[in-house]
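S.K.: Sharing a structure, written as structure tokens. Questions coming.
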Amino acid sequence: MKELERYIEIYNNFTEELLVRIKVNIAQGDIKKHISVDIDDPFIFGVYQLSNENLSNLGITNYDEEYLSFFLTSEG
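If you read the sequence shown in full-length UniProt numbering, its first letter stands for residue 1, the second for the next number, and so on.
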């Protein structure tokens with residue numbers, strides 16, 4: 001079995017610039033505990049929303065949520 005590295009990528013909504021890429025240690029089965037599919041756009045695969053609590057748990061603070069998009073990506 002190939003091991004995957006997972007990342008949260010945070011983009012600026014206006015410029016689509018990748019602002020930060022954070023490696024996270026979230027097991028495949030635990031992803032839904034921390035990150036939920038964006039209910040505003042359920043047809044876009046791979047776009048997620050994170051609550052303030054989720055962000056805090058991941059060490060992300062002091063942000064303007066209006067300008068951010070979050071994606072969970074994997075590499076392996």
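The beta carbon of each residue, even a glycine, is placed where N, CA and C say it ideally should be.
Starting from E9, trace the beta strand (DSSP E) both ways and give me its first and last residue.
M.R.: Unbroken beta strand (DSSP E) run through E9: E5 to N12.
S.K.: By Cβ distance, which residues of its chain are closer than 7 Å to L18, with the 5 residues on each side in sequence left out?
M.R.: So the qualifying residues of the chain are E9 and Y11.
S.K.: Taking just the CA atoms, how far does T15 sit from I22?
M.R.: Spanning the two alpha carbons is a distance of roughly 19 Å.
S.K.: Could you check if V20 is buried or exposed, using at least 16 other CB atoms within 10 Å of its CB as the buried criterion?
M.R.: Exposed, by the Cβ-count rule.
S.K.: Between Y7 and N13, what straight-line distance do the alpha-carbon atoms span, to the nearest angstrom?
M.R.: For Y7 and N13, the distance between alpha carbons rounds to 18 Å.
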